[in-house]
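Novice: Per the numbering used here, residue 22 is the first one in the sequence shown, and the count goes up by one each step.
Attaching a single structure in structure tokens format; questions to follow.
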Amino acid sequence: MEELALTRTEARPVVLFVLGQGRSGTSALARVLSLCGAALPAEVRQADAHNPRGYWEPRATLVLNETILRRHGSAGFDPSLRLLEDGAFEPDEKAAWTAKIGDFLSGLPQAPLVVIKDTHVTALSDLWFEAADSAGLDVVAVIAVRHPQEVIASLAAAGPTTPELSSALWLKNTLLAERYTRGMPRVFVDYANLLDDWRREVSRISRAVAIDLHARDEAEVDEFLAPSLRRQRCSGPVSERFGTDWMSAVYEAMRAAACDDPWDSSVLDRVFEAYQVSEHDFRTAFDNSRELWALGADRAYSNSLLYRLSVLKMIRAPRAMVNRRRGARA
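This is the structure:
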């Protein structure tokens with residue numbers, strides 16, 4: 022993974038990316054930022070039963086990102102890190118996707134600050150950041166943080182997602198959001214803190230990424246961030262998965278970052294490296310298993326086993342006969 026050294030320049034407009042795992046308050050963050058001065062792209066996704074206050078993500082980015090992911094055997098619900106592997110994108114292909122993203126960015130509102138929220142961007146951040154820089158935009162990031170048990174419950178309420186998959190997705194997207202934004206203006210925002218005091222959190226964002234954010238109508242923000250917006254609540258310990266401390270280690274670091282407390286990025290490096298190795302090896306094993314299943318190798322294996330048993334029987338038969346003859350002579 023290449024780290025882009027993106028720094029702020031006063032002369033260029035700013036694109037603010039809201040990153041992190043879905044159901045972590047990314048939609049609420051995007052809307053609050055838009056009510057505090059950031060422009061939204063055209064044609065954002067409308068509200069539904071799963072997100073009654075709206076998603077605030079542009080339909081165009083959803084289509085584009087889902088196309089990129091599908092072309093590379095991935096999806097928004099893919100917990101793998103396959104797109105980080107060598108050769109995942111050929112140079113010409115990467116340039117073509119970056120150009121398509123650039124086409125979208127060229128159609129953004131003519132404003133000093135635009136907010137883009139699409140959780141698919143997290144896994145494709147290197148493409149988006151490179152395209153934004155080439156388009157003459159400064160990039161800053163707001164990373165959504167939420168207790169993983171709340172995210173798991175929220176994903177389960179939205180669809181048939183197991184705690185195991187939800188945990189893996191939370192790990193992947195939290196780790197990638199932090200890793201891709203190193204060396205650039207960024208800030209971590211805890212969803213619970215945003216609901217508790219959005220004015221404090223907006224002020225934190227302004228200071229951290231050096232942008233001017235002010236609500237045009239504070240009552241409108243208050244009304245939007247109704248207490249009912251947080252339908253999943255958990256203040257207990259993090260449930261560990263995968264036989265490791267990955268979940269709690271990452272959450273503790275992210276929660277500290279969202280409170281402006283000291284935190285150790287080497288903890289995230291450790292988890293990321295372990296996750297990447299384990300995920301790759303298990304994925305390779307499972308892919309091989311599915312290939313063998315598709316080829317009917319289970320039947321071939323059974324036939325091979327029967328063949329080996331029959332050969333072994335033929336080898337043992339003469340020995341048994343000799344032993345019987347010796348017994349008769351005795």
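From the three backbone atoms N, C-alpha and C, an ideal C-beta is built for every residue, glycine too.
Small disclaimer: the values here were computed from a predicted structure and weren't measured.
Please classify N194: is it buried, with 16 or more other beta-carbons within 10 angstroms of its beta-carbon, or exposed?
Specialist: By the 10 Å Cβ count, N194 comes out buried.
Novice: Considering only the beta carbon of each residue, do F125 and A81 sit closer than 8 Å?
Specialist: Yes; because the gap between Cβ atoms is below 8 Å, this pair is in contact.
Novice: Is the beta carbon of R207 less than 8 Å from the beta carbon of I164?
Specialist: Cβ distance < 8 Å, so R207 and I164 count as in contact.
Novice: According to DSSP, is R167 part of a helix, a strand, or is it coil?
Specialist: In the structure shown, R167 sits in coil (DSSP, three-state: anything other than H, G, I, E or B).
Novice: Secondary structure at A63, three-state DSSP: helix, strand or coil?
Specialist: Note: A63 maps to coil in three-state DSSP.
Novice: Comparing the C-beta of A165 with each C-beta of chain B, is any distance below 8 Å?
Specialist: Protein chain content of the structure displayed is limited to a single chain, and chain B is not contained in it.
Novice: Should F303 go down as buried or exposed, given a rule of 16 or more other Cβ atoms within 10 Å for buried?
Specialist: Counting Cβ neighbours within 10 Å, F303 comes out exposed, since fewer than 16 surround it.
Novice: Would you mind reading off the limits of the alpha helix (DSSP H) that contains F245?
Specialist: Note, F245: alpha helix (DSSP H), E239 to F245.
Novice: Do you know how far the Cα of D113 is from the Cα of D281?
Specialist: The straight-line gap from Cα to Cα measures roughly 41 Å.
Novice: At 4 residues or longer, and completely inside the region 45-110: list those alpha helix (DSSP H) runs for me, N to C.
Specialist: Those alpha helix (DSSP H) runs which fall completely within the region 45-110 and span 4+ residues are 47-56 and 80-92.
Novice: Which of the three DSSP states, helix, strand or coil, is assigned to V298?
Specialist: Three-state DSSP puts V298 in a helix.
Novice: State the CB to CB distance for the pair V271 and L196, rounded to an integer number of angstroms; the pair is presumed to be in contact (CB under 8 Å).
Specialist: Confirmed, about 7 Å.
Novice: What is the DSSP secondary structure of V259, counted as helix, strand or coil?
Specialist: Three-state result, V259: coil.
Novice: Could you pull the DSSP bridge partners for A116 from this structure?
Specialist: Answer is none; A116 lacks a bridge partner.
Novice: Among the candidates L56, Q42, P34 and G46, whose CA atom is the shortest distance from the CA of D238?
Specialist: The shortest Cα separation from D238 among L56, Q42, P34 and G46 belongs to L56.
Novice: Starting from the C-beta of V39, find all residues in its chain whose C-beta is less than 6 Å away, skip the five residues before and the five after it, and write them out in chain order.
Specialist: Result list for V39: T47, L50, A51, K138 and V163, in chain order.
Novice: Using CA coordinates, which residue listed in L186, P169, M205 and A189 is at the minimum distance from A213?
Specialist: The shortest Cα separation from A213 among L186, P169, M205 and A189 belongs to P169.
Novice: Per DSSP, what kind of secondary structure is R207 in: helix, strand or coil?
Specialist: In the structure shown, R207 sits in a strand (DSSP, three-state: E or B).
Novice: Please name the residue in L246, D99, L192 and A32 whose C-alpha comes closest to that of G75.
Specialist: With distances taken between Cα atoms, G75 lies closest to L246.
Novice: Skipping 5 residues on each side, what residues in its chain have a beta carbon closer than 8 Å to that of E106?
Specialist: Excluding sequence neighbours, E106 sits near H301.
Novice: My output table needs one value for D266: the three-state DSSP class, helix, strand or coil.
Specialist: Of the three classes helix, strand and coil, the one that applies to D266 here is coil, per DSSP.
Novice: Measure the alpha-carbon distance for D308 versus A315 and round it to whole angstroms.
Specialist: Roughly 11 Å separates the two Cα atoms.
Novice: For A189, which three-state DSSP category applies?
Specialist: If DSSP states are grouped into helix, strand and coil, A189 belongs with the helices.
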